[in-house]
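K.L.:
Shown below is the structure under consideration.
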Amino acid sequence: MIVTINPVSKLAASVVIAIALLLSLDWVSATVALALEVLLLPFAGLGFRRLVRRLLPVLSAAVLTGLLIALYGKASGHSYLQVLFIDVTDGSLSLAIATTVRVLAVAVPAVVLFATVDPTDLADGLGQVLHLPSRFVLGALGALRLSGLFLEDWRSLELARRARGIADRGRLRRFAGQAFALLVLSIRRGSKLATAMEARGFGSAATRTWARPSRFGAREWVLIVIAALIAGAAAAVAMATGQWNFLASR
Amino acid sequence: MARGWGWRPAGRSKWAVRGLDLRIEPGERVLLLGASGAGKSTLLQGIAGVLGDENDGEAEGTLTASRSGLVLQDPDSQVILARVGDDVAFGCENLGVPRDEIWRRVGDALDAVGLDLPLDHSTSRLSGGQKQRLALAGVLAMRPDLLLLDEPTANLDPDGVREVRDAVTRVLEHSDRTLVVVEHRVDVWWPIVDRVIVLEPGGGVLADGPPDRVLAGEGERLAASGIWVPGFEPAAPTRTHRTGAQLLRVDALAVGRAQPMATAIDLSIREGDCLGVTGPNGSGKSTLALTLGGLIRPLGGSLSPDPLRWKSRELVTRIGSVFQDPEHQFVAPTVLAELRVGAKAVGLPERETADRVAALLARLRLDALVEANPFTLSGGEKRRLSVATALVTRPPLLILDEPTFGQDARTWAELVAFLAELLDEGSAVVAVTHDSALVTALADTELRMSAVVPA
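Just so you know, the sequences run in chain order V and A.
Mapping the first sequence onto the numbering used here, position 64 (from 1) lands on 64, and the numbers just tick up by one.
Mapping the second sequence onto the numbering used here, position 252 (from 1) lands on 252, and the numbers just tick up by one.
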């Protein structure tokens with residue numbers, strides 16, 4: 001069900017939650033938002049295994065962020081551990097927890113919603129619903145398709161350097177040379193693609209039509225309203241409990 | 001129609017095309033020939049209107065054409081969108097064709113080129129021949145009066161070449177569209193064209209007329225200028241074939257990246273022997289070449305000696321690998337520096353290096369280009385340079401992936417003669433290739449690989 005919702009709506013929903021959660025740096029609003037999001041996860045249109053695979057990197061990034069802040073964050077209150085620059089205190093611990101939860105609360109909806117976004121559909125939506133310039137949208141879409149060839153190129157470049165007899169020494173210099181070669185190859189590919197697109201009338205003066213309709217109806221609005229409700233609930237609970245901290249002004 | 005037309009790309013002092021007068025009537029099927037650098041592609045892109053504006057170059061004279069559609073050489077860089085149907089629809093969208101009409105045209109165009117695939121089929125899973133037919137369908141859906149093909153089969157295996165040629169033939173049977181095709185290999189298009197135009201390097205038209213008359217009058221001269229003309233194929237060199245010691249033994253080898261692409265390969269590669277490896281795209285030919293060259297790990301079986309255990313600078317003195325895409329192998333800013341890389345890696349004395357490099361430069365006709373950047377060379381020159389770089393360290397075993405790709409008839413003959421000479425001197429050559437003429441001319445054994453059917 002959520003799979004077929006217009007990508008523009010998914011984008012908007014993610015942005016609404018992100019903005020609300022970036023306005024305050026307290027732990028209450030982030031926790032409320034995250035709890036509500038977790039309740040909605042079963043409706044994300046992803047199977048359990050896909051869900052875990054998508055969320056695992058987000059989870060590890062969030063925990064790592066938290067750990068760093070716990071160790072090095074602004075010290076205040078009781079100190080539990082002090083070695084060199086490491087200082088684990090009441091203050092750094094609470095900041096760590098708040099940040100971890102916040103990273104999760106912002107990233108989880110974005111990752112889950114975008115797992116089911118097809119780049120072509122997103123481009124259609126950006127062009128037809130948001131009326132972004134089609135040159136920009138479709139140019140980016142074409143470039144995205146080329147990025148898959150990067151990895152292949154990089155591998156070949158690496159093997160080729162071994163075949164040329166220069167893979168034993170100077171790792172750093174070789175890396176720089178390889179990166180430059182990749183850049184040259186990518187530009188070459190990009191300009192070929194541009195010619196191919198131009199040859200099919202891309203960038204002409206004619207008004208473009210869209211072969212695939214991009215619909216934005218009730219379901220799309222419902223998703224955005226749900227996101228707004230999550231954001232609103234998070235802010236309201238934080239204000240009610242007195243934890244709301246607008247742009248870290250306290 | 002062109003009158004006194006010329007084009008000079010920005011930043012170049014030489015005109016790509018100059019002083020061209022030409023008139024092509026509706027319904028004509030034209031094969032456009034000319035030596036490399038005669039401006040064939042430039043003319044085609046000019047007709048298609050994709051050369052750009054005054055920022056991209058300078059134009060003179062006039063060039064007018066009816067609505068045209070252009071298919072280019074490289075299958076990979078012509079796929080624009082991720083799904084087959086969307087890709088064909090792309091051109092129509094840009095022309096502002098109404099939605100219902102677009103999908104009608106998409107269906108018709110896919111039928112016309114014989115691509116019987118669902119509209120949401122992924123374009124990245126197509127073969128080279130299918131990609132070129134997809135590009136053709138995308139152009140046909142725009143309903144052009146004039147069909148322009150710029151070496152559409154140059155990157156394809158023989159099956160792909162046939163697919164594309166047959167698709168174009170079928171399309172032309174059912175319409176009175178005009179065709180202009182550029183191709184080095186004349187025999188592919190000979191049966192379906194009714195006019196041949198030969199461009200002169202530096203400007204103007206060298207010959208123009210019905211195929212048979214041009215061939216009779218100019219055949220020899222065309223062949224000498226490097227065009228593949230039926231009846232004037234370059235001769236194969238004679239070899240004194242002497243087999244020497246075994247260089248590499250291959251037992252029950254399985255090659256592939258993640259999944260095996262080919263298994264149970266047994267080979268004995270000996271001095272003086274040439275092994276031709278053939279087979280369709282995706283049958284694991286290039287992967288086999290990389291495995292034999294000690295660059296990637298076999299998935300099973302064994303190589304003895306095992307080149308994977310050698311250091312990079314040991315490898316270059318024992319096995320010379322030349323990749324499919326020469327650009328991947330270039331590491332230096334000039335042709336001369338490029339040739340010295342291998343010699344420096346193995347610590348060859350300066351005098352010796354200079355001698356070997358000079359000999360190779362002369363032999364492979366690169367001596368006029370010593371200061372040029374390898375990336376700016378033509379396709380055929382790049383190929384010759386990449387072969388030369390592998391030869392500087394004199395490895396007894398050469399592994400070449402598509403060594404004759406992009407060569408015109410003249411440089412082809414030179415390259416083949418050169419390889420024959422190396423073989424006679426006792427080197428072994430493994431050549432992965434689609435080029436049946438190369439196999440006929442050089443290979444003592446042929447290893448035919450078969451396509452892996454995706455599960």
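Ideal Cβ placement from N, Cα and C applies to all residues, glycine included.
None of these values were measured; they are calculated from a predicted model.
So, is histidine 184(A) buried or exposed, given that buried needs 16 or more other C-beta atoms within 10 angstroms?
P.N.:
Position 184 of the second sequence, counted from the first residue, corresponds to residue 184(A). Histidine 184(A) is buried by the Cβ-count criterion.
K.L.:
Taking C-alpha atoms, which residue in Val103(V), Ala75(V) and Arg215(V) lies nearest to glycine 125(V)?
P.N.:
Here residue 125(V) corresponds to residue number 125 of the first sequence, with the count starting at 1. Checking every option, the nearest Cα to that of glycine 125(V) belongs to Arg215(V).
K.L.:
Kindly indicate which three-state DSSP category phenylalanine 175(V) falls into: helix, strand or coil?
P.N.:
Here residue 175(V) refers to the residue found at position 175 of the first sequence. Helix.
K.L.:
Note down, in chain order, every chain A residue with its Cβ under 7 Å from the Cβ of phenylalanine 202(V).
P.N.:
Translated into the one-based positions of the first sequence, residue 202(V) becomes position 202. Ordered by position in chain A, the residues that pass the 7 Å Cβ test against phenylalanine 202(V) are Asn94.
K.L.:
Answer yes or no: do proline 396(A) and arginine 313(A) have a C-beta to C-beta separation smaller than 8 Å?
P.N.:
Sequence index remark: in the second sequence, residue 396(A) carries index 396 (1-based). Sequence index remark: in the second sequence, residue 313(A) carries index 313 (1-based). Cβ distance not < 8 Å, so proline 396(A) and arginine 313(A) don't count as in contact.
K.L.:
Taking 7 Å as the limit between beta carbons, can you name the residues of its chain near isoleucine 2(V), skipping five residues before and five after?
P.N.:
Residue 2(V) sits at position 2 when you count from the first residue of the first sequence. Excluding residues within five positions, the ones whose Cβ falls inside 7 Å are Phe43, Ala44, Gly45 and Thr116.
K.L.:
Where are the beta strand (DSSP E) runs, 3 residues long or more, that stay fully inside the segment 42-109 of chain V, in chain order?
P.N.:
79-83 and 86-89
K.L.:
Is aspartate 56(A) buried or exposed, if buried means 16 or more other CB atoms sit within 10 Å of its CB?
P.N.:
Sequence index remark: in the second sequence, residue 56(A) carries index 56 (1-based). So aspartate 56(A) ends up on the exposed side.
K.L.:
For chain V, find out if any of its Cβ atoms is closer than 8 Å to the Cβ of threonine 42(A); answer yes or no.
P.N.:
If you number the second sequence from 1, residue 42(A) lands on position 42. Judged by the 8 Å Cβ criterion, threonine 42(A) is not in contact with chain V.
K.L.:
Just how far apart, CA to CA, sit leucine 295(A) and proline 403(A)?
P.N.:
The residue labelled residue 295(A) in the question sits at position 295 within the second sequence. The residue labelled residue 403(A) in the question sits at position 403 within the second sequence. Leucine 295(A) and proline 403(A) have their C-alpha atoms roughly 18 Å apart.
K.L.:
Based on Cα-Cα distance, which residue from Asp86(A), Thr123(A), Arg125(A) and Ser122(A) lies nearest to valine 458(A)?
P.N.:
One cannot answer for residue 458(A) here, as it falls past the ends of chain A, which runs 1 to 455.
K.L.:
Kindly say whether arginine 173(V), judged by its beta-carbon, lies nearer than 8 Å to any beta-carbon of chain A.
P.N.:
Taking the first residue of the first sequence as 1, we reach residue 173(V) at position 173. Taking Cβ atoms only, chain A never reaches closer than 8 Å to arginine 173(V), which makes this a no.
K.L.:
Please report the straight-line C-alpha distance between valine 106(V) and valine 88(A), rounded to a whole angstrom.
P.N.:
Here residue 106(V) refers to the residue found at position 106 of the first sequence. Here residue 88(A) refers to the residue found at position 88 of the second sequence. The alpha-carbon atoms of valine 106(V) and valine 88(A) are separated by roughly 38 Å.
K.L.:
Can you tell me where the alpha helix (DSSP H) with arginine 219(V) in it begins and where it stops?
P.N.:
By one-based count along the first sequence, residue 219(V) stands at place 219. Unbroken alpha helix (DSSP H) run through arginine 219(V): 218-240.
K.L.:
Given that a residue counts as buried once 16 or more other Cβ atoms are within 10 Å of its Cβ, and exposed if not, what is serine 77(A)?
P.N.:
Counting from 1 along the second sequence, the entry for residue 77(A) is found at position 77. Answer is buried; the Cβ neighbour count reaches 16.
K.L.:
Look up threonine 178(A) in the DSSP assignment and give the residues it is bridged to.
P.N.:
Working through the second sequence from its first residue, we reach residue 178(A) at position 178. Answer is Leu146(A).
K.L.:
Determine, for proline 349(A), whether the minimum Cβ-Cβ distance to residues of chain V falls below 8 Å.
P.N.:
Taking the second sequence and counting its residues from 1, one reaches residue 349(A) at position 349. Taking Cβ atoms only, chain V never reaches closer than 8 Å to proline 349(A), which makes this a no.
K.L.:
Kindly provide the ranges of any beta strand (DSSP E) runs that are 3 or more residues long and lie completely inside the segment 331-398 of chain A, ordered along the chain.
P.N.:
none
K.L.:
With DSSP as the reference, label cysteine 92(A) as helix, strand or coil.
P.N.:
Sequence index remark: in the second sequence, residue 92(A) carries index 92 (1-based). DSSP places cysteine 92(A) in helix when its eight states are reduced to three.
K.L.:
Glutamate 152(V) versus chain A: which residues are under 8 Å apart at the beta carbon?
P.N.:
Position 152 of the first sequence, counted from the first residue, corresponds to residue 152(V). Going along chain A, no residue has its Cβ under 8 Å from glutamate 152(V), so there is no contact; the nearest lies around 10 Å.
K.L.:
Could you tell me which residues DSSP pairs with valine 196(A) in its beta bridges?
P.N.:
Numbered from its first residue, the second sequence carries residue 196(A) at position 196. Answer is Leu31(A) and Gly209(A).
K.L.:
For arginine 67(A), I'd like the list of residues in its chain whose CB is within less than 6 Å of its CB, leaving aside the five on either flank, ordered along the chain.
P.N.:
Within the second sequence, residue 67(A) is the residue found at index 67, counting from 1. Counting only Cβ-Cβ distances below 6 Å, and skipping sequence neighbours, we find Pro144 and Asp145.
K.L.:
Give the residues from the segment 6-28 of chain V that approach chain A closer than 9 Å (Cβ to any Cβ), ordered along the chain.
P.N.:
none
K.L.:
Just checking my contact of aspartate 10(V) with phenylalanine 180(V) at CB under 8 Å: how many whole Å lie between their CB atoms?
P.N.:
Residue numbering aside, residue 10(V) sits at position 10 when the first sequence is read from its first letter. Residue numbering aside, residue 180(V) sits at position 180 when the first sequence is read from its first letter. A small fix is needed here, since residue 10(V) is lysine in this sequence, not aspartate. The C-beta distance from lysine 10(V) to phenylalanine 180(V) rounds to 37 Å, too long to meet the 8 Å contact threshold.
K.L.:
According to DSSP, what are the bridge partners of threonine 278(A)?
P.N.:
If you number the second sequence from 1, residue 278(A) lands on position 278. According to DSSP, which records beta bridges pairwise, threonine 278(A) is partnered with Arg448(A).
K.L.:
Can you list the residues of chain V that arginine 313(A) reaches, using a CB-CB cut of under 9 Å?
P.N.:
The residue labelled residue 313(A) in the question sits at position 313 within the second sequence. Within chain V, the residues near arginine 313(A) are Gly165, Ile166, Ala167, Asp168 and Arg169.
K.L.:
Near glutamine 243(V), which residues of its chain fall below 6 Å by C-beta distance, leaving aside the five closest residues on each side in sequence?
P.N.:
Taking the first residue of the first sequence as 1, we reach residue 243(V) at position 243. Excluding positions up to five away in sequence, the list reads Asp26 and Val28.
K.L.:
Quick check on proline 119(V) - is its C-beta less than 8 Å from some C-beta in chain A?
P.N.:
Locating residue 119(V) in the first sequence gives position 119, counting from the first residue. At least one CB atom of chain A sits nearer than 8 Å to the CB of proline 119(V).
K.L.:
Can you give the beta carbon distance from alanine 207(A) to valine 198(A), rounded, assuming they're within the 8 Å contact cut?
P.N.:
Residue numbering aside, residue 207(A) sits at position 207 when the second sequence is read from its first letter. Residue numbering aside, residue 198(A) sits at position 198 when the second sequence is read from its first letter. Taking the Cβ atoms as the reference, alanine 207(A) lies roughly 4 Å from valine 198(A), within the contact range of under 8 Å.
K.L.:
Suppose you measure from the CA of alanine 65(A) to the CA of glutamate 173(A); what does that come to, to the nearest Å?
P.N.:
To locate residue 65(A), count along the second sequence from 1; it is residue 65. To locate residue 173(A), count along the second sequence from 1; it is residue 173. Looking at the two C-alpha atoms, the distance is approximately 22 Å.
K.L.:
Where leucine 68(V) and serine 60(V) are concerned, what is the direct C-alpha to C-alpha distance, given to the nearest angstrom?
P.N.:
Mapped onto the first sequence, residue 68(V) falls at position 68. Mapped onto the first sequence, residue 60(V) falls at position 60. Each residue's alpha carbon lies about 12 Å from the other.
K.L.:
I'd like to confirm the pairing. Which residues does DSSP put opposite glycine 69(A) in its beta bridges?
P.N.:
The residue you call residue 69(A) lines up with position 69 of the second sequence. Its beta-bridge partners are Leu147(A).
K.L.:
Interface residues of chain V around arginine 99(A) at Cβ under 9 Å?
P.N.:
Sequence index remark: in the second sequence, residue 99(A) carries index 99 (1-based). Here the neighbours are Thr209, Trp210, Ala211, Arg212 and Pro213.
K.L.:
Can you tell me whether arginine 309(A) is buried or exposed? The criterion is at least 16 other CB atoms within 10 Å of its CB, across all chains shown.
P.N.:
Here residue 309(A) corresponds to residue number 309 of the second sequence, with the count starting at 1. So arginine 309(A) ends up on the exposed side.
K.L.:
Between which two residues does the beta strand (DSSP E) holding valine 322(A) run?
P.N.:
As a first step, residue 322(A) must be located in the second sequence, where it is residue number 322. Unbroken beta strand (DSSP E) run through valine 322(A): 319-322.
K.L.:
Can you check whether the C-beta of methionine 197(V) is within less than 8 Å of a C-beta belonging to chain A?
P.N.:
Start at 1 with the first residue of the first sequence, and residue 197(V) comes out as number 197. Closer than 8 Å: yes.
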